[in-house]
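Asker: In our numbering, the protein residues as written are 2 to 757.
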């Protein structure tokens with residue numbers, strides 16, 4: 002059965018009453034006390050705000066992307082300065098525990114920084130094809146004025162995801178936050194408009210009626226996050242307006258979700274229960290893509306439920322401003338009553354409350370206890386509707402087909418979760434799930450470089466946040482084609498490039514004649530090795546390294562370059578087992594809020610070990626696109642630890658591996674090919690990465706006789722401490738920060754904020 006129960010009759014009445022109010026009342030959900038009031042925007046104010054953005058759009062779009070980046074960089078600094086105030090306001094106005102509000106602000110900062118770092122590259126003109134006769138290129142243009150409408154449940158991140166990429170892409174924005182968080186919206190407006198030019202970013206206040214009035218002012222596109230009912234209504238409104246205004250109003254939506262979680266019988270019960278707790282009960286269960294329906298193999302359901310009960314019993318429910326609180330209140334009374342109705346419906350139809358045994362009557366605030374429900378039937382509202390609260394319905398299965406059928410028994414398709422110790426099995430399972438995102442052995446995951454998509458599944462929307470796609474969806478594309486014969490600037494540039502290519506060909510012939518270039522039969526270019534002293538750590542100099550260069554696909558867009566440093570007699574290296582290090586060039590050495598990685602240290606350690614070895618060895622570093630992905634090094638593990646993964650390397654790497662991409666995305670085949678070209682058949686591999694060992698042993702005839710550890714002073718624990726300090730250092734007063742730095746200096750032997 003697939004029914005759309007998006008609001009109860011009681012909640013519809015409450016909503017319609019709000020429409021007649023001239024003010025938005027902000028209420029603290031943990032005390033039910035009024036925090037403040039904000040005037041609802043009038044139709045004339047909405048029209049004026051849109052007109053201001055239309056008037057300002059031309060100047061804003063004409064600014065270079067680098068100029069827009071400068072404005073938004075100042076905005077980011079301002080938000081960082083005001084983080085403590087904003088996260089406390091967030092907690093007071095919508096009830097999120099203060100630790101989670103802190104994490105949301107940090108996630109938002111990371112997203113903004115990634116946008117700033119990458120927008121210029123993503124939106125630069127792309128040459129799709131060129132030769133001596135023609136050139137075709139794609140440019141990206143702003144749409145114009147964007148109406149951005151977001152909900153209350155993650156008030157800062159929704160703002161960041163919707164507004165910041167729009168502004169960087171050259172659009173101006175009229176923004177409407179939820180009527181439940183008007184005070185937070187006011188502070189966003191204050192910060193933004195203290196820095197941005199007038200009319201680039203405007204804010205209107207109100208409920209869904211104000212949102213509709215905003216769209217009706219002739220905006221160019223709409224970015225909406227909210228309920229499926231509201232989203233479908235906005236799509237219909239935009240279609241009607243497009244016909245009336247004779248222009249297409251583009252709509253990007255991320256709507257409701259009722260994500261299934263399938264737990265197979267081979268899981269580790271305790272660690273899986275912890276993952277399920279986070280995926281369901283973070284933010285009091287008020288997460289769009291959170292786990293909302295648990296489907297458990299019948300052989301382990303009792304053990305898993307018992308483990309979940311123990312976890313819930315240990316959690317503190319109460320004042321969200323308290324650092325020890327795990328679960329706060331629901332956002333308002335409307336949400337509380339809707340949740341009560343959904344649970345009561347299941348009890349009437351025969352479901353059983355596992356915990357609590359009965360729902361307590363609370364006298365203050367909009368609290369609801371974390372609840373597990375068994376004996377659930379598919380026609381119950383807790384199964385068919387989106388349940389926005391700390392309630393988890395549980396149903397069992399016996400076969401894979403049954404589990405898939407239960408998982409897809411929904412009108413939604415936003416997220417999904419699968420749990421098993423067999424990763425290959427999970428990769429096959431995910432393809433059968435009708436959902437835009439799948440988390441394998443993990444929780445929901447906010448990363449600016451990972452697209453967050455509703456993917457067009459069910460009634461869960463059509464939009465994509467984050468990743469490269471976010472800028473492209475917010476921009477219009479223009480394709481330009483230039484014939485070779487045209488006397489344009491571009492054609493002249495092309496002619497110059499052709500002449501340079503001819504000069505290059507002549508130079509290549511001379512290099513080949515002189516024996517400097519060697520072109521292998523398959524087209525791979527090898528440059529003759531030459532001796533070069535190498536400095537270790539910028540100080541110690543090691544001589545007798547021979548450096549050569551291998552270029553794959555030379556002169557094409559797939560060109561791939563590798564530097565090869567050999568130490569020792571090559572004939573002996575071929576006969577015995579030399580030390581070998583395969584490494585990617587680290588592009589910037591920073592991950593997770595300026596916590597330095599250990600790439601340079603590992604490089605220096607490897608070169609030192611190779612030079613001191615009685616046989617010698619080979620060091621290969623890849624600098625092409627195939628090595629732009631990162632392996633799961635210590636900094637990644639430390640970063641994951643600092644974001645709450647505390648269960649050891651195996652679980653962390655497994656979780657990272659199953660976030661829809663591999664732990665190690667790099668292509669080592671060309672490096673192994675180089676080892677073969679050098680005549681090596683057996684090696685001792687310098688690495689701490691088990692994935693690299695598996696890759697080599699499974700895909701080549703080169704034998705790894707020994708894995709040599711490459712651990713230095715930089716440890717997971719020291720990196721974790723650095724990350725945590727870097728992320729929250731601005732919250733400490735100077736004396737406290739200096740004390741912490743001194744303690745880590747004494748313990749680890751390095752300053753966590755300035756080392757490496």
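Ideal Cβ positions, reconstructed from N, Cα and C, are used throughout, including at glycine.
In this text the structure is predicted, and so the values were computed from the model without any measurement.
Beta carbon of residue 96, beta carbon of residue 321: below 8 Å?
Answerer: Taking 8 Å as the Cβ cut-off, residue 96 and residue 321 qualify as a contacting pair.
Asker: Once DSSP output is grouped into helix, strand and coil, what is the label at residue 653?
Answerer: Low confidence applies here, because residue 653 scores a pLDDT of 48, under 50, leaving its location unreliable and the question unanswered by this model.
Asker: If I measure Cβ to Cβ from residue 194 and keep anything under 7 Å in the same chain, skipping five residues before and after, which residues do I get?
Answerer: Only 202 meet the Cβ criterion.
Asker: Under the rule that 16 or more other beta-carbon atoms within 10 Å means buried, what is residue 682, buried or exposed?
Answerer: With fewer than 16 other Cβ atoms within 10 Å, it is exposed.
Asker: Of all the options 623, 576, 27, 244, which has the alpha carbon lying nearest to the alpha carbon of residue 616?
Answerer: Ranking the options by Cα distance to residue 616, first place goes to 576.
Asker: Who does residue 225 pair with in a DSSP beta bridge?
Answerer: Residue 225 is bridged to 150, 254.
Asker: Are the region 216 to 226 and the region 123 to 142 in contact at 8 Å, needing three or more beta carbon pairs?
Answerer: Too few Cβ pairs lie closer than 8 Å, so no.
Asker: Helix or strand or just coil, what does DSSP make of residue 729?
Answerer: Per-residue confidence for residue 729 stands at a pLDDT of 49, beneath the threshold of 50, marking its modelled position as unreliable; the derived number appears in the next sentence. Helix, per DSSP.
Asker: Where residue 83 and residue 90 are concerned, what is the direct C-alpha to C-alpha distance, given to the nearest angstrom?
Answerer: About 11 Å.
Asker: Could you tell me whether the Cβ atoms of residue 679 and residue 697 are closer together than 8 Å?
Answerer: No, they are not a contact pair.
Asker: I'd like to know whether the C-beta atoms of residue 460 and residue 256 end up nearer to each other than 8 Å.
Answerer: Taking 8 Å as the Cβ cut-off, residue 460 and residue 256 qualify as a contacting pair.
Asker: Is the separation between the beta-carbon of residue 675 and that of residue 578 shorter than 8 Å?
Answerer: No, the Cβ-Cβ distance between residue 675 and residue 578 is not below 8 Å.
Asker: What first and last residue would you give for the alpha helix (DSSP H) that runs through residue 758?
Answerer: What is shown of the chain runs 2 to 757, which leaves residue 758 out entirely.
Asker: Can you name the start and end residues of the beta strand (DSSP E) that residue 278 belongs to?
Answerer: Premise fails: residue 278 lies in the alpha helix (DSSP H), 270 to 282, not in any beta strand (DSSP E).
Asker: Across which residues does DSSP place residue 582 in a beta bridge pair?
Answerer: In the DSSP output, where bridge partners are listed per residue, residue 582 has 620.
Asker: Tell me the residue span of the beta strand (DSSP E) that contains residue 536.
Answerer: Segment 535 to 537, the beta strand (DSSP E) holding residue 536.
Asker: In the DSSP assignment, what residue or residues form a beta bridge with residue 441?
Answerer: For residue 441, which the question treats as bridged, DSSP gives the partners 419.
Asker: Given that a residue counts as buried once 16 or more other Cβ atoms are within 10 Å of its Cβ, and exposed if not, what is residue 533?
Answerer: Looking at its Cβ environment, which holds fewer than 16 other Cβ atoms inside 10 Å, residue 533 is exposed.
Asker: Please list the terminal residues of the continuous alpha helix (DSSP H) segment that includes residue 573.
Answerer: Element bounds for residue 573: 571 to 576.
Asker: Return the first residue and the last residue of the beta strand (DSSP E) that residue 298 is part of.
Answerer: Its beta strand (DSSP E) spans residues 292 to 298.
Asker: Shortest alpha-carbon distance to residue 149 belongs to which of 162, 121, 313?
Answerer: Comparing Cα-Cα distances from residue 149 to each of 162, 121, 313, the minimum goes to 162.
Asker: If you reduce the DSSP assignment to three classes, tell me which class residue 74 lands in.
Answerer: In the structure shown, residue 74 sits in a helix (DSSP, three-state: H, G or I).
Asker: With DSSP run on the structure shown, which of helix, strand or coil describes residue 375?
Answerer: The answer is strand: DSSP assigns residue 375 an E or B state.
Asker: Name the two residues that bound the continuous alpha helix (DSSP H) containing residue 431.
Answerer: That run of the alpha helix (DSSP H) goes 424 to 431.
Asker: Go through its chain and collect everything with a Cβ distance to residue 297's Cβ below 7 Å, but skip five positions before and after it.
Answerer: Excluding positions up to five away in sequence, the list reads 264, 305, 395, 397.
Asker: Between residue 451 and residue 567, what straight-line distance do the alpha-carbon atoms span, to the nearest angstrom?
Answerer: Going from the Cα of residue 451 to the Cα of residue 567 covers about 38 Å.
Asker: State buried or exposed for residue 743, treating a residue as buried only when at least 16 other CB atoms are found within 10 Å of its CB.
Answerer: Exposed.
Asker: Is the region 343 to 353 touching the region 369 to 388 in the sense that three or more CB pairs, one from each, lie closer than 8 Å?
Answerer: Cβ pair count under 8 Å is three or more, so yes.
Asker: According to DSSP, is residue 469 helix, strand or coil?
Answerer: Here residue 469 sits in helix by DSSP.
Asker: Looking at the unbroken alpha helix (DSSP H) that takes in residue 303, where does it start and where does it end?
Answerer: Unbroken alpha helix (DSSP H) run through residue 303: 302 to 314.
Asker: Whose C-beta lies closer than 6 Å to the C-beta of residue 236 among residues of the same chain, with five residues either side of it excluded?
Answerer: Here the set comprises 252.
Asker: In the DSSP assignment, find the beta strand (DSSP E) that holds residue 27 and state where it starts and stops.
Answerer: First-last of the beta strand (DSSP E) with residue 27: 24 to 29.
Asker: What residue range does the alpha helix (DSSP H) around residue 549 cover?
Answerer: Note, residue 549: premise wrong, no alpha helix (DSSP H); beta strand (DSSP E) at 547 to 553.
Asker: According to DSSP, simplified to helix, strand and coil, what is residue 410?
Answerer: Three-state result, residue 410: coil.
Asker: If we call anything under 8 Å between Cβ atoms a contact, is residue 623 one with residue 571?
Answerer: Going by C-beta atoms, residue 623 is not nearer than 8 Å to residue 571.
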